[in-house]
Structures are given as C-alpha cells and as structure tokens.
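Engineer: For reference, the structure I am asking about is given below.
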Amino acid sequence: MIRHNAKPLTFFTPDDSDNSGAFFFDTGISAGFPSPVDDFREERLSLDSILVKNKLATFYARVSGQSMIGAGLDDNDLLVIDRSLEPTNNKIAVCFLDGEFTVKRLKVDKDEVWLQPENPDYPIIRITEDNDFLIWGIVTNVIKRV
718 MIRHNAKPLT FFTPDDSDNS GAFFFDTGIS AGFPSPVDDF REERLSLDSI LVKNKLATFY
778 ARVSGQSMIG AGLDDNDLLV IDRSLEPTNN KIAVCFLDGE FTVKRLKVDK DEVWLQPENP
838 DYPIIRITED NDFLIWGIVT NVIKRV
C-alpha cells in the first residue's frame, strides 16, 4: 500500500441566504489602458450563483499541500466540488482513500484507476481492490487569494 502525507480537508456548503453577494461592477476591468468610469453599473453578485450548478451536491474545501501545484491548485486555495458530476478520465477529483481525503487527477484505463499528482515530488497512486476508495466529487473551480 502506498501512503501519502495527506492532511484532512475542511468542507463547507454554499450559503443560501438572500443577502449574500458582494458588489459587482459590470464594466470589465481593463488589464491594458484604463477605461472611463462613466459606464459602470453596480449590482449584487453571489459567487454561488456563478460557481454552483447543483446546490445540494456542491461543497467547498481548502487545499492542503503541494501535490497539485502543476494544475494550479496551491495550498489554501478553495475548491468548488460537485458530487453530482460523473467522474471521467483526466478530471480533477476529491477522493476518499484509505481513511483520508485527497485531491488528484483521475487516470482511468479500462479497469484500472490511478490518482495522478501534478507535482513530480509526489508518487502516482494506483488504486487496487485492497484500497478503501471512493471518488467523492469532481472539482469544478478553484478560488485563489492573490
């Protein structure tokens, strides 16, 4: 059995309160030359309404560790995980493996499954019948701090 140093994930559920959301300026922020401020519209925007397709099956969890840095998932990033999506080859998934949660890229070939890290310092994990294994959900988005 391959052991990997995983830390537990902390899960959160989407907020369904009516007053959630930050101010959204629907003008586009120029990454080139500044744009006039005359055109902006201010409205409320809930990230849940954009990032969550199936509220009852969606959870948030923080990344802990460096095994997925090549996929842009850094320590402390916030993952949006949808449990209603079908796990398929090459998707990034949150999996329950031998008593621990981990996030890895799914590699599926015929009847074999591997969990592929996106950091060469971490081993590929081959799933066997001896593993207690469950694909818990599919990562749909990542929220980063800058």
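The numbers in the sequence shown follow our numbering, run straight up by one, and end at 863.
C-beta atoms are modelled at their ideal positions from N, C-alpha and C, and glycine is treated no differently.
1) State whether the region 822 to 836 contacts the region 799 to 810, with contact taken as three or more CB pairs (one from each stretch) at a distance under 8 angstroms.
2) Three-state secondary structure (DSSP) at Lys772?
3) Using CA atoms only, rank isn't needed, just tell me which of Arg822, Pro837 and Asn836 is closest to Val830.
4) Alpha carbon to alpha carbon, how far is Asn836 from Gly789? Give it in angstroms, no decimals.
5) Could you give the distance in angstroms between the alpha-carbon of Pro840 and the alpha-carbon of Ser784?
6) If we call anything under 8 angstroms between Cβ atoms a contact, is Ile767 one with Gly854?
Structural biologist: Quick look at the numbers:
1) A contact exists between the region 822 to 836 and the region 799 to 810.
2) Three-state DSSP puts Lys772 in a helix.
3) Closest by alpha carbon: Arg822.
4) Gly789 and Asn836: Cα-Cα distance of roughly 10 angstroms.
5) Distance from the CA atom of Pro840 to the CA atom of Ser784, rounded to whole angstroms, is 9 angstroms.
6) No; because the gap between Cβ atoms is not below 8 angstroms, this pair is not in contact.
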